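These notes concern the structure reproduced below.
There are 2 protein chains.
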Amino acid sequence: MRSKDPSMRYLFQPRGVAVVGASHNETKIGYRLVQNIVAGRYTGVLYPVNPRGGEILGVPVYKSIEEVDGVLDTAYVAVPAEMVFDAVKSCARAKAKFAVIISSGFSEVGNSAEEKRIVSYARDHGIRVVGPNVFGIYSSSVSLNATFGPSEVKPGNVAIVTQSGAIGVAMIGKAKVENIGLSAIISVGNKSDVTEAGLLEYLARDRLSKVILMYIEGIRAGQELVAVLKVTTRKKPVIVIKSGRSERGAQAAASHTGSLAGEDRVFDDIIRQCGVIRAESLQEALDWCKFLADTTTPRGENATIITNGGGLGVLTADACEKYGVRLYDDAQDLKKTFSQIIPSFGSAKNPIDITGQATPEDYDRVLGAALRNPRIHAVACVGVQAGDFDARRFTEIAERRHADYRSVKPIVFSLFGGGNVESSIARLKEKDIPVFGDVYEATSFLGAVYAHYRNKARSTGTVEQADIDASRVQSVVDKARAEGRVFLLAHEAQEVMLAAGISIPRSRIARKLDQAVRYAEQIGYPVAMKVVSKDIVHKSDIGGVALDLEDKDEVVDAYEAILQNCRARRPGARIEGIEVCEMVETGVETIVGARRDPSFGPIVMFGLGGIYVEVLKDISFRAFPVTREEAMSMISEVHSYALLLGVRGANKKDIDTVETTIVKVGTVLQQCKDISDIEINPLMVYDYGQGATAVDVRILLSRSEEAA
Amino acid sequence: MRSKDPSMRYLFQPRGVAVVGASHNETKIGYRLVQNIVAGRYTGVLYPVNPRGGEILGVPVYKSIEEVDGVLDTAYVAVPAEMVFDAVKSCARAKAKFAVIISSGFSEVGNSAEEKRIVSYARDHGIRVVGPNVFGIYSSSVSLNATFGPSEVKPGNVAIVTQSGAIGVAMIGKAKVENIGLSAIISVGNKSDVTEAGLLEYLARDRLSKVILMYIEGIRAGQELVAVLKVTTRKKPVIVIKSGRSERGAQAAASHTGSLAGEDRVFDDIIRQCGVIRAESLQEALDWCKFLADTTTPRGENATIITNGGGLGVLTADACEKYGVRLYDDAQDLKKTFSQIIPSFGSAKNPIDITGQATPEDYDRVLGAALRNPRIHAVACVGVQAGDFDARRFTEIAERRHADYRSVKPIVFSLFGGGNVESSIARLKEKDIPVFGDVYEATSFLGAVYAHYRNKARSTGTVEQADIDASRVQSVVDKARAEGRVFLLAHEAQEVMLAAGISIPRSRIARKLDQAVRYAEQIGYPVAMKVVSKDIVHKSDIGGVALDLEDKDEVVDAYEAILQNCRARRPGARIEGIEVCEMVETGVETIVGARRDPSFGPIVMFGLGGIYVEVLKDISFRAFPVTREEAMSMISEVHSYALLLGVRGANKKDIDTVETTIVKVGTVLQQCKDISDIEINPLMVYDYGQGATAVDVRILLSRSEEAA
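See the structure below:
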């Protein structure tokens with residue numbers, strides 16, 4: 005089906021569009037769409053459709069879509085929900101390639117069946133569906149404003165994909181107010197067919213779209229999205245705002261969208277893995293977008309602050325740490341570059357402090373020196389309106405310097421003060437020069453610039469492959485399925501580990517006392533013993549476990565004690581035997597897991613054992629498959645990582661084995677569709693070169709309806 | 005001296021002010037001051053002073069300050085640094101009560117001696133000094149703009165105390181631009197005499213100042229500041245911006261202010277202890293100040309969000325979690341209040357979603373219901389410019405509702421959209437109604453409102469007292485001093501613990517083998533043994549420690565082994581004996597400490613042992629003395645607190661003993677001025693009711709110059 009899909013070009017650059025449900029009534033959406041398309045001077049042909057015929061705003065109205073006599077690429081459907089299906093049928097007859105269903109009243113109010121029926125019909129007849137429940141599309145390339153939002157849109161280089169129609173419409177207005185030019189804006193609404201992934205694929209290649217902004221409430225088809233995002237973010241910055249960051253917000257999101265928003269922590273890690281830059285608020289996202297399209301990518305990490313106020317410089321340095329902007333640190337080079345041209349009581353350390361007595365010409369000289377120095381890659385020029393600060397003159401200098409270096413290195417300005425400074429800011433903004441009223445805002449923008457720099461620079465890597473014995477895994481799973489279980493028993497889970505090449509403690513199941521003793525001697529003392537029974541879940545609670553058995557006598561005593569405890573406290577339980585196993589040496593306890601995420605499909609997780617994951621929530625996630633770099637970064641980004649590096653005199657641990665274990669566990673999940681969850685807790689990690697042992701493993705199977 | 009200090013009234017409400025160094029040259033600060041005082045219509049009498057005499061802007065100039073014939077409360081000194089001392093002498097003869105030294109060229113450029121000479125002379129002659137290196141003072145009560153900043157200042161209710169002149173001057177301008185009214189603004193500059201504490205004491209009582217904003221780079225006289233802040237923050241909100249939050253920023257601050265900025269973590273904890281609300285950026289602080297003066301304090305924690313956009317509601321809920329605003333949660337009551345007046349597909353859960361089809365009248369109805377419900381204590385009304393959103397009508401409703409409820413409960417508005425919405429925001433702002441363009445900004449403000457609510461509500465408590473044997477501590481310290489040491493030996497530190505009533509492991513020092521055996525039997529097996537020697541620091545490294553000795557034989561072997569190891573590896577070391585001590589049972593390892601902070605004086609600290617403090621920096625501080633609530637809050641706010649509550653089946657630990665240990669350790673530091681540092685690491689904490697044991701204690705003495 006995918007290969008026959010019509011190109012997204014027909015959606016963003018249609019030669020002809022119909023408005024099905026075009027209205028003569030000025031208060032109706034069907035009128036507003038026609039009005040905006042006409043007012044926007046769409047370069048293609050508009051076909052309003054309404055059984056009453058006539059004209060709307062001078063455009064002849066077709067009585068039915070079948071009557072349309074020219075090329076029709078996209079049909080906008082704005083009729084009541086119950087009439088949408090018939091409208092889509094007509095679109096099919098008219099050979100439209102896309103149907104954008106503006107109408108609401110579908111899955112967002114529980115009416116999923118009708119939505120599915122429409123999409124299934126459309127797909128069978130070669131039509132792709134956007135929506136339902138959307139506000140339409142604006143696309144600057146053909147000057148098409150097929151939305152019921154504001155009429156005036158400034159064309160430019162920011163593309164917006166939004167899940168919320170309300171926020172999308174408001175963004176069109178807000179973009180206008182903030183003088184942000186748009187290349188396209190589209191809402192995905194119920195995402196019945198076209199999702200963000202498909203749109204991104206187009207926008208990634210679209211020459212006019214230099215920055216992509218997405219507003220997301222919940223993810224569908226996350227695996228596809230991950231793949232597309234990974235490619236897109238190497239080409240252009242992708243900014244995301246996702247609501248439901250907080251626990252309370254996530255609850256509200258679930259109630260608002262009618263679906264589980266997914267764990268925000270997972271979302272956050274995975275979009276970072278994809279190179280997406282996440283903004284916290286709408287304002288922050290728009291602040292970034294405004295200037296990102298026109299800002300060159302720096303050639304290195306050395307940012308330098310120039311300021312006429314020591315305090316402001318310090319605040320900027322604080323902001324740099326918060327937003328991941330690295331300050332240039334070569335004291336010798338900084339001194340050479342600046343010490344001759346700043347006042348004696350200024351500072352040639354970064355932040356470069358040219359003091360409150362600096363004139364605009366001083367600024368110019370210092371800014372010039374910074375721009376000429378090839379080892380300085382980005383400049384934050386932050387000014388405070390001190391006594392005689394000449395804001396007008398400063399503005400001229402900023403304009404000229406920015407014009408000269410716009411394709412060489414990013415410069416961001418921030419000015420703090422009264423009326424003169426405000427006019428400077430307004431004037432620089434008008435010229436699309438990055439300028440802000442607060443150093444935190446300026447630095448947040450520079451942080452986004454650097455996030456994109458790092459995304460472009462990150463190695464593409466190849467995804468790690470693990471060689472696992474998939475058929476051995478499958479036969480374990482099949483056996484459990486045959487017994488109607490949705491979990492594996494401990495020894496079954498261990499079998500899966502062995503099939504994946506993950507070390508487990510040596511162990512054997514004894515069915516008689518003399519076997520237990522023999523196995524213990526083979527494994528080597530000390531050993532542990534555990535009852536094996538499907539009917540006993542919490543084995544240690546009833547005395548079904550014995551640890552640290554040092555010799556034959558202790559094994560004999562323990563064997564009998566375990567059996568006696570089980571018989572006494574779980575009289576009906578079927579006992580399959582007693583597991584005799586190696587006492588695991590102490591290492592650093594970690595947790596490695598993999599599961600099928602409802603949004604993103606197979607994901608892997610990592611954290612340190614004990615309270616780190618459970619209490620401190622110190623955990624990281626990645627969409628699977630992962631590159632080696634991605635697996636390494638998910639290990640190193642947890643706060644407790646220091647424990648693996650060796651703290652307080654301890655040796656460095658075998659981080660490589662942790663990395664390969666993550667890949668192995670992910671591969672098992674990926675290859676065996678029946679498995680929904682794997683958790684090794686703990687994976688005991690030993691000194692570098694000594695490997696790691698999966699001490700306890702829990703594996704769950706998908707419920708049958710999921711497995712299908 | 006303090007009791008004879010002139011009242012701060014003479015500074016903020018002077019009857020007469022002199023400008024020493026008044027200038028005829030319009031580019032000079034001495035001219036600008038006169039100009040601003042004249043333009044500002046100061047209600048008292050202005051005496052410009054310049055040996056050349058004449059007139060400036062129509063005001064007669066005095067040839068010397070001694071010639072001033074009326075009441076002179078404050079003299080502004082704006083002459084070159086080398087002439088300041090003589091000017092201050094003249095001020096003394098003229099009986100001025102305050103000298104505000106505008107001039108720079110003192111300690112900020114290393115010239116501390118002259119600064120000290122001036123202050124010492126001034127204090128001896130009953131004059132208090134503001135500065136040097138300041139921009140002057142604005143005080144609305146007498147319409148005095150004695151600054152060289154902008155001429156136009158809007159009088160109002162925000163008082164600003166700033167350490168940076170440059171940022172202060174810019175703030176005057178910025179406040180004007182943002183329509184923020186000021187009651188006073190003053191820069192403290194080098195703080196040679198008057199510090200923030202003294203100014204706050206006045207501003208806390210000042211009727212016109214309803215909000216206080218402080219910009220701080222480093223703290224001096226922190227103990228006094230803590231005391232004043234604790235009182236002030238119960239009366240009115242105190243907002244602080246401190247630069248040097250980050251490591252890099254702190255380095256820059258040290259280089260900028262020429263002094264150590266102190267650990268930001270300590271600053272952050274202690275000002276929170278004082279009830280201060282810390283803003284991150286200048287913009288955030290000004291956003292808060294703008295509306296705080298005029299916003300009523302809520303009567304409870306139940307905030308409610310009303311929105312016409314589900315997504316925007318979710319973003320607001322996210323922001324509430326970030327900024328500590330608690331959402332009202334009584335589903336029954338919310339349903340009763342709202343379900344009849346919102347559309348069926350809206351949501352009567354909090355956020356209340358009245359959907360994009362809501363008219364301003366719908367908003368009004370729902371807002372009215374929220375305002376009338378006495379169990380709802382604050383409302384965030386956040387709107388998105390959906391299709392037919394009538395921004396003008398919304399504005400009228402917002403104005404009326406705000407006017408009716410302004411003294412009853414806080415309402416904050418946020419509007420997101422295009423031009424119409426922007427005009428609404430501008431109009432509401434003009435009327436001082438809290439309104440923002442982004443829900444994060446609106447919620448950040450509401451967070452500040454709630455922070456002040458909680459500060460007012462917090463119990464005053466009484467500071468905890470510990471009964472310690474101070475003379476016993478002193479004699480231990482004296483002995484160490486006599487031996488020229490600046491640290492205590494292990495057994496001396498233990499002696500201090502006993503004097504403070506803190507449990508330590510039972511131990512005795514044996515000088516012979518048979519003593520060692522006897523002590524071990526008294527203490528009870530197992531025991532540990534350690535060599536006691538001033539010459540051996542890392543005892544375990546050379547085999548000077550033996551653990552887990554189970555019986556007499558093991559004690560005998562260990563005694564001989566330790567002696568042999570020490571003789572072999574530290575041949576010259578003087579060995580005082582072998583300590584025999586109780587093997588400490590395992591509990592939760594914590595760290596409790598106290599030290600003299602260069603900014604704040606005695607402070608106490610708490611954290612969990614192992615990697616929590618050292619690697620994860622999970623640690624809390626308080627200025628000492630502390631109330632019981634403060635001590636408890638410093639324990640409960642560390643992330644690893646869960647370990648003391650008992651996780652994964654463990655019992656709750658003896659948190660009360662941790663609390664009393666913090667107080668005891670603080671009291672020792674407070675009462676014994678020779679001690680600069682105490683660290684118990686670990687304090688082993690047992691199950692509730694079982695106490696805690698100080699296993700290892702490190703005590704440092706102040707270097708003699710500090711102790712003085």
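As given, the protein sequences belong to chains W and S, one line each in that order.
Position 318 of the first sequence, counting from 1, maps to 322 under the numbering used here, and the rest follow consecutively.
Position 343 of the second sequence, counting from 1, maps to 347 under the numbering used here, and the rest follow consecutively.
We put the CB at the ideal spot given by N, CA and C, even for glycine.
Every value quoted in this text rests on a predicted model; they were computed, and no experiment measured them.
(Q) DSSP has F440(S) in a bridge; who is on the other side? (A) S418(S)
Q.
If you follow the beta strand (DSSP E) that G670(W) is in, where does it begin and where does it stop?
A. No beta strand (DSSP E) holds G670(W); the alpha helix (DSSP H) holding it covers I659 to Q675.
Q: With a 10 Å radius around its C-beta and 16 neighbouring C-beta atoms as the bar for buried, classify G653(W) as buried or exposed.
A: exposed
(Q) Taking 7 Å as the limit between beta carbons, can you name the residues of its chain near I380(S), skipping five residues before and five after? (A) N306, T308, Y332 and A374
Q | Interface flag, H542(S) vs chain W, CB-CB below 9 Å | A | no
(Q) Rounded to whole angstroms, what is the Cα-Cα separation between G597(W) and S507(W)? (A) 15 Å
Q. If you scan the stretch 548-600 of chain S from start to end, which runs of the beta strand (DSSP E) of 3 or more residues do you find wholly inside it?
A. 549-553 and 581-586
Q: Please check if any C-beta of chain S sits within less than 9 Å of the C-beta of A712(W).
A: Confidence in A712(W) is poor, its pLDDT being 38 and thus under 50, which makes the residue's placement unreliable; the coordinate value appears in the next sentence. It does not: the Cβ of A712(W) has no partner Cβ on chain S nearer than 9 Å.
Q: Using alpha carbons as the reference points, say which of I216(S), A514(S) and S637(S) lies closest to I579(S).
A: A514(S)
Q) So what does P159(S) bridge to, in DSSP terms? A) L186(S)
Q. Are the C-beta atoms of N312(W) and some chain S residue less than 9 Å apart?
A. yes
Q) Taking the alpha-carbon positions, what's the L338(S) to K353(S) distance? A) 7 Å
Q) Count the other CB atoms within 10 Å of the CB of G591(S); is the residue buried (16 or more) or exposed (fewer)? A) buried
Q) Going along the chain, which residues of its own chain have a beta-carbon closer than 7 Å to the beta-carbon of L647(S), five neighbours each way excluded? A) V592 and L612
Q.
Buried or exposed, going by whether 16 or more other CB atoms sit within 10 Å of the CB of L551(W)?
A. exposed
Q) With 9 Å set as the bound, which would you pick, yes or no: does the beta-carbon of K339(W) sit closer than that to a beta-carbon of chain S? A) no
Q | Alpha-carbon spacing of A635(W) relative to V270(W), whole angstroms | A | 15 Å
Q. Does the distance from the C-beta atom of S644(W) to that of D622(W) stay below 9 Å?
A. yes
Q: Determine the extent of the beta strand (DSSP E) in which M501(W) is found, giving its start and end residues.
A: Segment A494 to A503 is the alpha helix (DSSP H) holding M501(W); no beta strand (DSSP E) there.
Q: With K543(S) as the anchor, note down where its alpha helix (DSSP H) starts and where it stops.
A: From DSSP, K543(S) is part of no alpha helix (DSSP H); its letter is neither H nor E.
Q) Taking the alpha carbon of V689(W) as the point to measure from, which residue in T594(W), R211(W), M609(W) and A627(W) has its own alpha carbon closest? A) T594(W)
Q: For Q694(W), collect the residues of the same chain with a Cβ closer than 7 Å to its Cβ; drop the 5 residues on either side in sequence, then sort them by chain order.
A: D658
Q) Among all the DSSP beta bridges, which residues are the ones paired with P606(S)? A) R600(S)
Q.
Just to confirm before moving on: does the CB-CB distance between V134(S) and P154(S) stay below 9 Å?
A. no
(Q) Quick check on S7(S) - is its C-beta less than 9 Å from some C-beta in chain W? (A) Interpretation of S7(S) is limited by its pLDDT of 45, a score under 50 that renders its predicted location unreliable; the figure taken from the coordinates is listed afterwards. Chain W, which has no Cβ nearer than 9 Å to the Cβ of S7(S), makes this no.
Q) For the putative contact between L37(W) and F110(W), defined by C-beta atoms under 8 Å, what is the C-beta separation to the nearest angstrom? A) Wrong, their Cβ atoms sit about 19 Å apart, outside the cutoff.
Q: Please decide whether G74(S) counts as near chain W, where near means a Cβ-Cβ distance under 9 Å.
A: no
Q) Would the beta-carbon of D473(S) fall within 9 Å of that of A497(S)? A) no
(Q) List, from N- to C-terminal side, the alpha helix (DSSP H) runs of 4 residues or more that fit wholly inside the stretch 209-247 of chain S. (A) 226-239
Q: Express the C-alpha separation of V181(W) and S428(S) in angstroms, rounding to a whole number.
A: 13 Å
Q: Determine the contact status of A126(S) and D77(S), defining contact as a CB-CB distance below 9 Å.
A: no
Q: Would you give the residue range spanned by the beta strand (DSSP E) that S680(S) belongs to?
A: I679 to V689
**Q.** Contacts around A711(W), its chain only, beta-carbon distance under 7 Å, and the 5 residues preceding and following it disregarded
**A.** Because the pLDDT at A711(W) is just 42, under 50, the model does not fix this residue reliably, and the value given afterwards should be weighed accordingly. Once the five neighbours on either side are set aside, the close Cβ partners of A711(W) are K677 and D678.
Q: State the beta-bridge partners of I141(S) as determined by DSSP.
A: A150(S) and I190(S)
Q | Beta-carbon proximity of G169(S) to G193(S), cut-off 9 Å | A | yes
Q: Please list the partners that C95(W) has in chain S, where partner means a Cβ-to-Cβ separation under 7 Å.
A: In chain order: nothing, as chain S lies at least about 24 Å away.
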